[in-house]
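Its first residue numbered 742, the first sequence is counted upward by one per residue in our numbering.
Backbone N, C-alpha and C define an ideal beta-carbon position, used for all residues, glycine too.
Read through the structure below, which is laid out as structure tokens, and then see the notes.
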Amino acid sequence: MVSANPFAEFRSGCETVLEDALKGLHPQISMLPLLLETPPSPEFGELSSSVCFELAKQTGKKPLETAEQIAEAINVSGFPLIQSVKAAGEGYINFYVNFEEFSRLTIESVRAIDTEYGYVKNDEPRKIIIEHTSVNPIHPIHIGQARNPMLGDALARILKAHGHTVFRHYYIDDVGRQSAVIAYGYEKLGRPEPEGKPDSFIGAIYAITSCIMEIQRLKKEVRRAKELDISEEFSKLQRELDDWTSVAADLNTRFPKLFARLLDEISKDEEPESQVNDLIRSYEAGEEKVKQLIREVCNLCLQGFKETLGRAGITLDSWDWESDFIWNSDVTRVLDKLKKTPYVFYVGNILEFDAEKTAQDLNLKETLDLREDYELSPLTLVRTDGTTLYTTRDIPYHLWKFQKAEKVINVIGMEQTLAQLQLKLALCALGHVDYAKKLVHFAYNLVNLPGYTMSSRRGRYITLDEVIDGAIKRAYEEVSKRSPHLSDEEKHTISEFVGIGAVKYALVEVDPTKPVVFTWDRVLDFEKNSAPYIQYSHARARSIMRKASREPENPDYSLLTNRLEHDIILTLARFPEVFVDAAENLRPHAIADYANALADKFNTFYTALPVIKAKPPELSDARLALVDATRMVLRNALNLLGIEAPERM
RNA sequence: GGGUCCGUGGUCUAGCCAGGAUUAAGACGCUGGCCUGCGGAGCCGGAGGUCCGGGGUUCAAAUCCCCGCGGACCCGCCA
742 MVSANPFAEF RSGCETVLED ALKGLHPQIS MLPLLLETPP SPEFGELSSS
792 VCFELAKQTG KKPLETAEQI AEAINVSGFP LIQSVKAAGE GYINFYVNFE
842 EFSRLTIESV RAIDTEYGYV KNDEPRKIII EHTSVNPIHP IHIGQARNPM
892 LGDALARILK AHGHTVFRHY YIDDVGRQSA VIAYGYEKLG RPEPEGKPDS
942 FIGAIYAITS CIMEIQRLKK EVRRAKELDI SEEFSKLQRE LDDWTSVAAD
992 LNTRFPKLFA RLLDEISKDE EPESQVNDLI RSYEAGEEKV KQLIREVCNL
1042 CLQGFKETLG RAGITLDSWD WESDFIWNSD VTRVLDKLKK TPYVFYVGNI
1092 LEFDAEKTAQ DLNLKETLDL REDYELSPLT LVRTDGTTLY TTRDIPYHLW
1142 KFQKAEKVIN VIGMEQTLAQ LQLKLALCAL GHVDYAKKLV HFAYNLVNLP
1192 GYTMSSRRGR YITLDEVIDG AIKRAYEEVS KRSPHLSDEE KHTISEFVGI
1242 GAVKYALVEV DPTKPVVFTW DRVLDFEKNS APYIQYSHAR ARSIMRKASR
1292 EPENPDYSLL TNRLEHDIIL TLARFPEVFV DAAENLRPHA IADYANALAD
1342 KFNTFYTALP VIKAKPPELS DARLALVDAT RMVLRNALNL LGIEAPERM
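Below you can see the structure in the form of structure tokens.
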């Protein structure tokens, strides 16, 4: 017999026998649903029920007395997975698993289902779009942003394994000032071939160009303040200027040639600012030359992103350009439609969306999980000059997404919570409450660096590439120390997946709602609670299988009587339940946590008990099968996080 | 000022949504042991805790509710 979810078999067996006994003893009282929980210690069995505390209130008897009666009445014949049922403590009913049956069921199920074990399918498969990363194409992906692709990709893998059809989308924010600034600088340089990685090159152009422009602007302002003799204003501006001057010095040291060229060229322009503004306007208007220019710089940057993400094993299915929604008039159409609702108003000539009124009129606060007294601030849709804002354009983008998918998950930092809410309400105002319900803002907290403020305009950031490189370098040192006999090529291959695994794990392991403080220690720690630790455990299991070089042909699972073996078997059996929780509640870190716990148990077992040399051979075979099953589950868990499960390391 | 999220040994984290048992679970760091055995990126042991504070609900609270405190973020014609 094979089960896709062995622990659930045991669980439902326990629920059935308990329910039957309850019906017999207390036919008039319904206690459903019977939620069974995991006892704190194995001496209390593998599942327990605290139903008697509740029941005692109605019967007037002591909970323990009730529990004893029920335990007595429970009939486990016909449920081979249940060994026994006992009343204990103040009134618990504890269920003990029959390991002889359960070990066989679990180990054989894992080995039979193999690469699909744990990946329980959803009853209602959906088409789901996951938008993630969507980093503005103005500089390399930095470590503060890197949590996003790791979470997004893990979610995509988990939901796909859950049976959904998943599309990974990247939203390219090419409209607006930042891209125009780069385009301006890039044009001044004569559209050069990038030196080095294209996103780094673009990042340098962006920082240098905006720095030079900022200094020019501040110089003018300082002069004006001086003329008008506003001393307070003057000293404030002077401080800002000093700050930017030091940024300029820094950039000049790092990129001397680029800096000199740009300074030279930009200085020739009387009004760089108005040139940038022209670029923004012409781009939105869809002027062919500017279109080509801006798409060219964006594409250069995206090329760099694809390279970086590719190293981390992350690919996207669709790259969606924000500008497309302007050019095809979707934005205009949506605005026209919104204007016909009672939920927009003008302040002067700017157009605002009244999110609060929408929520009240349509009674949406409960639907959207908001407190009744939560007051939503209005959203500006159109500026004085007639141009739109980011969130405005997000509205047609999401209408488009919902034509392609039934559910949309946006992996976006929690600082955008309000904007995402306003977006949902705008969809509601347009008559799509159903969309708003199926739009999930997967919010995650920021990554902070102690004592360091990253700034893209100042060109100050630690890139994901640097972090990956650092981790690979550290992994190389480690593998050279531990496995000097390997060829240099092997060492390089190993340090690659170890280093990348370490970075991914460090960013996905923490509950997304909590902030992560980035330290090199965190990423370079290859000991417990890290990808390398789990990978190492997998490699060890692999190593045993290699060394044994036989199939466990005659296993006797009743010989697996050690607590350490039972612990692993239970953990393996619970993987499907952990997976379902991770998939349905969008908790990728639960998978990371699980993999680490399983690796822990396996390593304890590994040092305590022999496998290959165990006697009798039926025990050796049973343990060998257990090792094989463990290795499969470790691999399946790592796969969900996009982390390689290696043969050796 | 208003709102959202977070607060668990020195440091980092799980548990909180769906409240349960003696002794709140791990990791780092500190500390004492273990390599002629299937890989020491490992294993075994020790010290270290007002689960931010105070109320409330309950037979039962780290978990739910309220009031505080601390931190992050948002409240933009930025994204």
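- Apart from the 5 residues on each side of it in sequence, Y833 sits with its Cβ closer than 8 Å to the Cβ of P780, F785, S789, S790, S791, C793 and A808 in its chain, given in chain order.
- If you check the CB distance, P881 and Q1044 do not come in under 8 Å.
- Between the stretch 1140-1156 and the stretch 892-907 there are three or more C-beta pairs closer than 8 Å, enough to call the two in contact.
- Remark: C-beta atoms of V1321 and V861 approach each other more closely than 8 Å.
- Between Q1016 and Y925, the C-beta spacing is below 8 Å.
- Here the alpha carbon of L1111 sits roughly 27 Å from the alpha carbon of V1088.
- Under the 10 Å beta carbon count, I884 is surrounded by 16 or more other beta carbons and is classified as buried.
- Contact annotation, P783 with R1304: C-beta distance approximately 7 Å; criterion of less than 8 Å satisfied.
- G1211 sits away from W1141, with the two beta carbons spaced by 8 Å or more.
- Note that the C-beta distance between F843 and I1310 is below 8 Å.
- Using a Cβ distance threshold of 8 Å, A745 and I823 do not count as a contacting pair.
- Counting every other CB atom within 10 Å of its CB across the protein chains shown gives A1314 a total of 16 or more, marking it as buried.
- Spanning the alpha carbons of I1136 and T906 requires a straight line of approximately 23 Å.
- N1151 has E872 and H1182 as its beta-bridge partners, per DSSP.
- The closest CA to that of N1040, considering only T1125, S941, L1168 and A1349, is found on S941.
- For E778, the pairing in a beta bridge is given by DSSP as S789.
- Within the same chain, Cβ atoms closer than 7 Å to the Cβ of K1232 are found at Y1217, V1220 and S1221, the five residues on either side in sequence being excluded.
- K1098 and V1181 have their alpha carbons spaced roughly 22 Å apart.
- Taking 8 Å as the cut-off, the beta carbon of R1389 is found closer than this to the beta carbon of R1283.
- Here V1251 is buried. Its C-beta has 16 or more other C-beta atoms within 10 Å.
- By the C-beta density criterion, S818 is exposed, having fewer than 16 other C-beta atoms within 10 angstroms.
- About 10 Å separates the beta carbon of V1123 from that of L1079, a gap too long to meet the 8 Å contact definition.
- The alpha carbon of G937 has as its nearest neighbour, out of L999, M954 and N877, the alpha carbon of L999.
- Inter-residue distance for H910 and A1340 is about 33 Å (C-alpha atoms, whole angstroms).
- Per the coordinates, the alpha-carbon of N1069 lies some 14 Å from the alpha-carbon of T1129.
- For V916 and L1367, the gap between their C-alpha atoms comes out near 56 Å.
- Every unbroken stretch of the beta strand (DSSP E) spanning 3 or more residues and falling wholly within the stretch 891-948 is given here in chain order: 906-913.
- Burial state of Y1115 is exposed, judged by a 10 Å Cβ sphere holding fewer than 16 other Cβ atoms.
- For D1058, the closest of L982, D1065 and L1050 by C-alpha to C-alpha distance is L1050.
- In this structure, DSSP gives T986 a helical state, which the three-state scheme calls helix.
- In terms of CA proximity to Q1101, A1167 leads the group A1167, D1061 and Q1144.
- For N1380, the uninterrupted alpha helix (DSSP H) segment begins and ends at P1358 to L1381.
- Unbroken beta strand (DSSP E) runs of no fewer than 3 residues, entirely contained in the stretch 1268-1314, are not found.
- Look at N889 here: in three-state DSSP terms it is helix.
- Between the beta-carbon of A749 and that of I815 there is about 19 Å, and that puts the pair past the 8 Å contact cut.
- In this structure, the CA atom of L1190 is about 9 Å from the CA atom of I1203.
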